[in-house]
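Protein sequence lines correspond, in order, to chains U and G. If you read the first sequence in numbering that gives the first Met the number 0, its first letter stands for residue 0, the second for the next number, and so on. If you read the second sequence in numbering that gives the first Met the number 0, its first letter stands for residue 0, the second for the next number, and so on. A virtual CB, placed ideally from N, CA and C, is assigned to each residue, including glycine.
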Amino acid sequence: MPFRWRNSHLFWPLAALGGLLLINLLLKPEFFAIRYQNGHLYGSLIDILNFGSPLAIVAVGMTLVIATRGIDLSVGSLVAISGAMACLTISRGADQQSLHLVLGAVLLALAVSVALGLWNGLLVAGAGIQPIIATLILMVAGRGIAQLITSGQIITVTSKPYHFIGAGWLFTLPFSVYLAALVFLFAAWMTRRTSLGMFIEAIGCNPAASRLAGIRSRSILLAVYMFCALCAGIAGLITSSNVSSADGNNAGLWIELDAILAVVIGGTSLAGGRFSLAGTLVGALLIQTLTTTIYMLGVPPEITLVVKAFVVLAVCLIQSPSFRRAIAARGVPRKPVASRQEVSRHG
Amino acid sequence: MVDRKYIPLLVTIGLFILMFLAGSLRYPGFLSTQVFMNLLIDNAFLLIVAVGMTFVILSGGIDLSVGSMVALTTMLSASLIMQAGWPPAAVIPLVLAVGTSFGWMMGAIIHYFQIQPFIVTLAGMFLARGLCYVISIDTISINHPFYTKMALAKIRLPGGSFISIGVVIALLVVLLAVYLAHYTRFGRNTYAIGGSESSAVLMGLPVARTKMLVYAFSGFCSALGGVVFTFYMLSGYGLHAVGLELDAIAAVVIGGTLLTGGSGYVIGTFFGVLIQGVIQTIITFEGTLSSWWTKMVIGLLLFLFILLQRVFTARTARGRSV
Chain U
0 MPFRWRNSHL FWPLAALGGL LLINLLLKPE FFAIRYQNGH LYGSLIDILN
50 FGSPLAIVAV GMTLVIATRG IDLSVGSLVA ISGAMACLTI SRGADQQSLH
100 LVLGAVLLAL AVSVALGLWN GLLVAGAGIQ PIIATLILMV AGRGIAQLIT
150 SGQIITVTSK PYHFIGAGWL FTLPFSVYLA ALVFLFAAWM TRRTSLGMFI
200 EAIGCNPAAS RLAGIRSRSI LLAVYMFCAL CAGIAGLITS SNVSSADGNN
250 AGLWIELDAI LAVVIGGTSL AGGRFSLAGT LVGALLIQTL TTTIYMLGVP
300 PEITLVVKAF VVLAVCLIQS PSFRRAIAAR GVPRKPVASR QEVSRHG
Chain G
0 MVDRKYIPLL VTIGLFILMF LAGSLRYPGF LSTQVFMNLL IDNAFLLIVA
50 VGMTFVILSG GIDLSVGSMV ALTTMLSASL IMQAGWPPAA VIPLVLAVGT
100 SFGWMMGAII HYFQIQPFIV TLAGMFLARG LCYVISIDTI SINHPFYTKM
150 ALAKIRLPGG SFISIGVVIA LLVVLLAVYL AHYTRFGRNT YAIGGSESSA
200 VLMGLPVART KMLVYAFSGF CSALGGVVFT FYMLSGYGLH AVGLELDAIA
250 AVVIGGTLLT GGSGYVIGTF FGVLIQGVIQ TIITFEGTLS SWWTKMVIGL
300 LLFLFILLQR VFTARTARGR SV
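So this is what it looks like as structure tokens:
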């Protein structure tokens with residue numbers, strides 16, 4: 000059968016991203032200008048990649064969790080905790096410029112994140128609590144923990160090696176872009192080149208059947224929640240190192256919602272099962288492009304939320320089979336559309 | 000022997016009494032009717048919002064838009080009264096209608112297009128919060144005589160304590176909700192849909208109408224909570240009530256309602272709100288504790304209650320299968 004491009008789950012997210020870029024091209028052609036200066040590339044497109052990387056990293060972890068029919072609401076709090084932990088360790092150190100100290104702080108922050116991910120995983124896989132509720136606990140308590148670590152203040156660090164993580168440049172591109180690419184490639188490799196991805200989809204489709212089929216769903220669930228927390232931890236390091244400070248209250252605020260949005264826009268169903276990491280990446284880029292576009296067009300940034308609301312609704316409606324059927328029932332002959340849906344749902 | 004279905008509710012009430020007693024033993028001046036009344040005064044808007052949330056959660060859904068809806072209500076009221084010069088008698092019905100139709104629309108999208116409530120109400124949350132900023136980015140303070148009168152009004156109770164108008168409204172909402180939940184078809188349908196939506200459809204219950212009504216009721220409660228919040232704060236601001244949806248969900252869960260839907264009581268939510276209030280009051284009385292301990296204690300309580308529910312539901316499930 001020939002490849003039907005409209006059936007690809009990447010079609011709608013890519014179309015939306017393309018449409019957004021087209022608006023920019025028509026209204027602000029300088030949007031696409033990329034300058035080369037002091038060995039660094041500058042421009043709106045680079046900014047999108049740079050500022051979008053924490054969201055992309057969190058969204059990659061979230062994709063795997065959602066594929067298991069779960070959800071992780073605690074990532075925003077984890078972003079705050081990880082940044083706070085790293086900044087606290089560095090600010091307590093004797094020499095902030097020491098690479099050892101920064102490395103230790105980074106490892107400690109990531110270890111704490113993974114441990115909290117283990118806690119989420121144990122609640123979901125061990126105690127059998129609904130994921131949305133299990134992770135709600137850490138979402139609420141985690142902000143408190145982050146503020147406890149920073150003692151309710153903003154910890155500022157002067158460490159140059161730490162600043163490099165979120166604001167450094169490597170081979171003309173921001174370092175955070177490489178981190179995002181690394182996380183994405185690792186997740187893609189683990190899920191597509193090993194059988195792990197299939198196991199995750201199996202758990203998302205039918206937990207009971209996959210357990211009977213011999214999949215050790217508990218350990219896989221644990222691993223998935225720990226990986227998601229690790230992603231949130233990395234994003235937290237980027238966010239806090241970018242501004243060289245940790246803010247327990249506001250770091251990573253609402254990033255869980257943006258990440259879930261990116262996943263849903265990318266075509267992964269919240270009902271679990273089939274997932275698309277590439278779609279998530281497009282979704283994350285779409286959200287960041289939207290934010291940057293709104294800034295570029297000179298629209299008050301506060302209105303971003305209204306635009307975002309309509310984008311969310313539009314994307315979800317387009318993906319909803321009953322909405323497409325309702326639209327198809329008007330005008331377009333019904334049958335071919337219905338059969339195409341069948342293909343896209345199973346393909 | 001108490002019926003097993005009341006156990007989570009009794010645990011909640013017991014916990015509230017225990018916390019209040021612990022506070023009374025530790026701090027002089029804690030054990031007074033006014034401290035209890037202040038719990039209600041400071042949390043009246045949360046109570047109203049949480050009652051609406053109880054219905055949504057009972058039906059198996061969730062409503063993330065409530066906090067933003069409260070903010071939008073304060074903003075709409077403030078701008079209509081202070082900038083457009085409308086009388087409160089026109090503004091209050093208008094904002095209630097806006098909240099109700101906002102919720103009703105979300106319910107319609109959730110039901111007819113089968114999109115998860117989480118996503119639809121998330122979009123609603125963004126939309127309402129964004130609309131606040133479209134109206135104004137800054138705080139609009141209200142000094143209309145009616146609103147200041149409502150804010151300052153104290154209803155004296157026998158025994159020397161007093162409550163605010165907001166508390167009266169909140170208590171009326173709780174009574175109405177108890178009536179709706181247990182003595183009307185709407186309430187029974189809500190429980191039935193939360194228990195199993197497909198069974199409710201097969202039983203011929205009006206699932207579509209009930210689901211839309213549930214979200215409309217939650218929208219109404221958020222708008223009413225917003226009105227009470229406006230009395231309390233006397234201003235409209237886009238950053239009002241940030242994170243209120245979490246407090247409301249926490250109150251419902253601590254109140255013993257199952258997040259999967261189908262089981263729970265409005266009165267439990269009432270005590271869930273009071274427990275959160277007591278935690279805040281204790282932290283204020285302690286003086287040396289910082290505000291973030293509130294979040295951690297609420298997180299811990301959520302954990303305990305979810306675990307309790309888990310044990311409880313596992314036991315009934317086993318009981319059923321035998």
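Query, Result
"Is the beta carbon of L45 (chain G) sitting closer than 9 Å to the one on V272 (chain G)?", "yes"
"Output needed in chain order: residues of the region 224–247 of chain U with a Cβ under 7 Å from some Cβ in chain G.", "none"
"Looking at the structure shown, is H143 (chain G) part of a helix, part of a strand, or coil, going by DSSP?", "coil"
"Let me see if you follow: with CB-CB separation under 9 Å, is G293 (chain G) close to chain U or not?", "With the sequence shown as reference, residue 293 (chain G) is identified as Thr, and Gly is not the correct amino acid for it. Output row for T293 (chain G): interface = yes."
"At 9 Å on the CB atoms, spell out the chain G contacts of A126 (chain U), in chain order.", "I305, L306 and R309"
"Report, in whole angstroms, the separation of the C-beta atoms of G102 (chain G) and G193 (chain G), which I expect to be a contact under 8 Å.", "Not really, about 17 Å apart at Cβ, beyond 8 Å."
"Of all the options U:M295, U:P320, U:A283 and U:Y294, which has the alpha carbon lying nearest to the alpha carbon of A15 (chain U)?", "U:A283"
"Taking all protein chains shown into account, decide if T193 (chain U) is buried (16 or more other Cβ within 10 angstroms of its Cβ) or exposed.", "exposed"
"Rounded to whole angstroms, what's the CA-CA distance from G129 (chain G) to L252 (chain U)? Just pull it up for me.", "16 Å"
"Look up H162 (chain U) in the DSSP assignment and say whether it is helix, strand or coil.", "helix"
"Whole angstroms are fine: how far does the CA of V97 (chain G) sit from the CA of S85 (chain U)?", "Reading off the sequence shown, one finds Ala at residue 85 (chain U), where the question assumed Ser. So the alpha carbons of these two residues sit roughly 45 Å apart."
"For my contact list, G225 (chain G) and M68 (chain G) are in at a C-beta cut-off of 8 Å; report their separation, rounded to the angstrom.", "6 Å"
"Counting only Cβ pairs nearer than 7 Å, list the residues of chain U close to S289 (chain G).", "G151"
"Under 8 Å: do the region 153–161 of chain U and the region 73–92 of chain U share three or more Cβ pairs, one atom per stretch?", "yes"
"By how many angstroms is the C-alpha of V281 (chain U) removed from the C-alpha of L13 (chain U)?", "7 Å"
"Please confirm whether R142 (chain U) has its beta-carbon closer than 9 Å to some beta-carbon of chain G.", "yes"
"Please list the segments of the beta strand (DSSP E) lying wholly inside the region 241–292 of chain U, counting only runs of 3 or more residues, in order along the chain.", "244–246"
"Secondary structure at L238 (chain G), three-state DSSP: helix, strand or coil?", "coil"
"Step through the CB atoms of chain U and report whether any lies within less than 9 Å of the CB of Q115 (chain G).", "yes"
"Cα separation between Y132 (chain G) and V78 (chain U)?", "26 Å"
"Count the other CB atoms, across all protein chains shown, that sit within 10 Å of the CB of F274 (chain U); report buried if there are 16 or more and exposed otherwise.", "buried"
"Kindly indicate if chain G contains any beta-carbon less than 9 Å away from that of F309 (chain U).", "yes"
"Taking just the CA atoms, how far does I70 (chain U) sit from G18 (chain U)?", "29 Å"
"To be precise: take each residue of the region 1–34 of chain G, compare its Cβ to all Cβ atoms of chain U, and keep it if any distance is under 7 Å. Which residues remain?", "none"
"In this structure, does DSSP put F15 (chain G) in helix, strand or coil?", "helix"
"What separation, rounded to the nearest whole angstrom, lies between the Cα atoms of A150 (chain G) and L95 (chain G)?", "19 Å"
"Any chance you could list the beta strand (DSSP E) runs of at least 3 consecutive residues sitting entirely within the region 0–68 of chain U, in chain order?", "33–36 and 39–42"
"Anything in chain U within Cβ reach of T259 (chain G), meaning under 9 Å, just list it in chain order.", "Q129 and I132"
"Return helix, strand or coil for L169 (chain U), following the three-state DSSP convention.", "strand"
"Listing by chain order, which chain U residues have their CB less than 8 Å from the CB of V133 (chain G)?", "E301, I302 and V305"
"Mind checking which residues open and close the alpha helix (DSSP H) that includes T138 (chain G)?", "Segment: none, T138 (chain G) is in no alpha helix (DSSP H) and carries neither H nor E."
"So which of G:T73, G:A49 and G:K4 has the shortest CA-CA distance to Y231 (chain G)?", "G:T73"
"I'd like to know if L57 (chain G) contacts chain U, where contact means its C-beta is closer than 9 Å to some C-beta of that chain.", "no"
"Would F219 (chain G) be called buried (16 or more neighbouring beta carbons within 10 Å of its own) or exposed?", "buried"
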